Every structure is written in C-alpha cells, then in structure tokens.
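K.L.:
Now the structure itself:
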C-alpha cells in the first residue's frame with residue numbers, strides 16, 4: 655500500500671519539545687520546562703464563564719473569524735496596551751493558539767518559493783509552517799555574544815529578492831531574549847525599506863519579570 659502522506663509531510667520531523675516532554679513524564683521528581691503553560695489551574699472565574707456559556711446553550715458554530723464581542727475586546731486591548739488601532743470586523747481574527755495563527759498567516763501570504771526568515775533558536779513550529787505553505791525557511795543563526803537578539807547585520811545578510819516574511823517572536827522562544835525599543839525600531843526600518851512583512855509572535859509578551867523593555 656502506498657504511503658498516504660505527502661512528501662512534504664513526511665519531511666517534517668516530530669516536535670522535539672513533545673518528545674522531551676514525553677521522556678520527562680516517565681521520570682520521577684523531574685521538573686519539566688518543555689511546554690510553555692501555567693503551573694496552576696485555570697482561575698475559577700474563567701472556568702465559571704465557560705460553564706455559564708454551556709448552560710446558556712452557546713454550543714453551536716460561531717463565525718469562523720471568532721466571536722464579535724471577543725474581537726471587539728481584542729481591538730480595545732490592543733489600543734489600550736500598544737496605542738494601535740485595528741478594525742475588529744476586518745483586521746482581527748481569533749484562533750485556537752499562536753501556531754494556528756502563524757500557520758494561517760503564512761498560507762494566506764506565501765507563494766511557492768517565497769522565503770521566510772526565521773531567527774534560531776526558535777519555536778519548533780515556525781519552519782514546518784513555512785514548509786507547509788510552500789515557502790522556503792531561511793534560518794538566521796543568533797549568537798550568545800548578541801544575547802540571542804536579531805541584529806540588523808544578521809538580518810541584512812539573509813535578505814534576498816525572494817524574502818517575504820520575517821518571523822520575530824517577542825520575547826524569543828526559547829531563549830527569553832527581549833529586544834529593546836531602539837533595536838526593534840532598527841529591524842522595523844529594514845523591514846519597511848525591503849518591503850518585508852513581519853509576523854510578530856507575542857504569545858509570551860506579558861511574561862516579563864523586570865521593568866518593561868519597551
């Protein structure tokens with residue numbers, strides 16, 4: 655029987671994070687740092703709202719772009735937090751996580767052969783998302799001497815006429831490196847100058863434990 659999987663799917667290795675997570679689960683007295691999730695139960699007031707929603711019968715299909723009330727609140731949050739304005743009806747979409755959002759964005763934006771710049775070390779799903787969208791992942795190796803931050807010099811070295819997207823996590827996953835405002839502004843200047851779209855993965859942006867880097 656032929657393999658039902660495409661060559662593209664077969665070429666993508668399993669997640670190293672999940673493999674490590676499974677190993678740690680078999681060990682005693684081990685603290686897993688493999689998956690970025692809270693170590694406490696979901697707060698009761700959040701669970702209560704979920705239960706209330708079920709009791710009200712809100713169990714049917716919603717808009718594929720997300721609940722309108724939620725999109726409105728996301729728009730207001732972005733305005734309060736970052737002083738940016740997005741139309742909740744046209745510019746905000748709710749996904750079930752950052753990975754789906756990045757995957758959907760790349761599938762919507764990439765044509766076959768378009769290059770995606772991915773600073774490494776990075777989250778394991780960036781490269782597979784680019785491959786599945788027929789893009790070409792181009793790795794930018796970050797260095798300890800730069801505190802694992804993307805520098806303008808490293809970025810410019812990898813830009814070609816096929817470059818379309820730069821994936822830029824804030825903070826970096828897994829190193830935790832946080833770029834300061836002047837560093838981000840320099841990267842933004844290059845992106846505008848070279849007409850490159852930036853996918854800003856900010857899933858951990860609120861998890862900083864000192865004064866704001868921005």
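In this note's numbering, the protein residues as written are 655 to 868. Where is the CB? At the ideal position from N, CA and C, for every residue including glycine. Owing to the predicted nature of the structure, the values given are computational and were not obtained by experimental measurement.
Does the Cβ of residue 695 have 16 or more other Cβ atoms within 10 Å, making it buried, or fewer, making it exposed?
P.N.:
Its Cβ having fewer than 16 others within 10 Å, residue 695 is exposed.
K.L.:
Residue 794 to residue 807, Cα distance in whole Å?
P.N.:
One C-alpha to the other measures close to 11 Å.
K.L.:
Please report the straight-line C-alpha distance between residue 729 and residue 722, rounded to a whole angstrom.
P.N.:
Distance between the alpha carbons of residue 729 and residue 722 is about 11 Å.
K.L.:
Taking just the CA atoms, how far does residue 731 sit from residue 785?
P.N.:
Each residue's alpha carbon lies about 32 Å from the other.
K.L.:
Rounded to a whole number of angstroms, what is the C-alpha to C-alpha distance between residue 705 and residue 789?
P.N.:
Answer to the nearest angstrom: the Cα atoms are 41 Å apart.
K.L.:
Going by beta carbon distance, what residues of the same chain come within less than 7 Å of residue 724, once the five residues before and after it are set aside?
P.N.:
Counting only Cβ-Cβ distances below 7 Å, and skipping sequence neighbours, we find 748.
K.L.:
I'd like the list of long-range same chain contacts for residue 803, defined as Cβ closer than 6 Å, with 5 residues on each side in sequence excluded.
P.N.:
Cβ within range, chain order: 831, 833.
K.L.:
Across the segment 658-676 and the segment 772-787, are there enough close Cβ pairs to call them in contact, namely three or more that are closer than 8 Å?
P.N.:
Yes: the two stretches touch, three or more of their Cβ pairs being nearer than 8 Å.
K.L.:
I want to know whether the segment 748-768 touches the segment 818-832 - three or more CB-CB distances under 8 Å.
P.N.:
Flag = yes, the segment 748-768 and the segment 818-832 touch.
K.L.:
Under the three-state reduction of DSSP, which class applies to residue 850: helix, strand or coil?
P.N.:
Three-state result, residue 850: coil.
K.L.:
Taking DSSP as the reference, what is the three-state secondary structure of residue 855?
P.N.:
Residue state, collapsed to three classes: strand.
K.L.:
Throw me the rounded Cβ distance for the residue 858 and residue 825 pair, which I believe falls under 8 Å.
P.N.:
About 6 Å; that satisfies the 8 Å criterion.
K.L.:
Below 7 Å, is the gap between the Cβ of residue 723 and the nearest heavy atom of the ligand ADP?
P.N.:
The ligand content of the structure shown is nil, which means the ligand ADP is not present either.
K.L.:
Just tell me which of 659, 665, 656, 655 has its CA closest to the CA of residue 783.
P.N.:
It is 665 whose Cα lies nearest to the Cα of residue 783.
K.L.:
One question on the structure: do residue 855 and residue 756 come within less than 8 Å of each other, judged by their Cβ atoms?
P.N.:
Yes.
K.L.:
Can residue 809 and residue 844 be called in contact, C-beta distance under 8 Å?
P.N.:
A contact, by the Cβ cut-off of 8 Å.
K.L.:
Going by DSSP, what residue range makes up the alpha helix (DSSP H) through residue 671?
P.N.:
Looking at the DSSP string, the run of the alpha helix (DSSP H) that includes residue 671 is 670-679.
K.L.:
Is it right to say residue 853 is buried, meaning 16 or more other beta carbons lie within 10 angstroms of its own, or is it exposed?
P.N.:
Buried, since its Cβ has 16 or more Cβ neighbours within 10 Å.
K.L.:
Note down, in chain order, each residue of its chain lying with its Cβ closer than 6 Å to the Cβ of residue 822, except the 5 sequence neighbours on either side.
P.N.:
Only 852, 854 meet the Cβ criterion.
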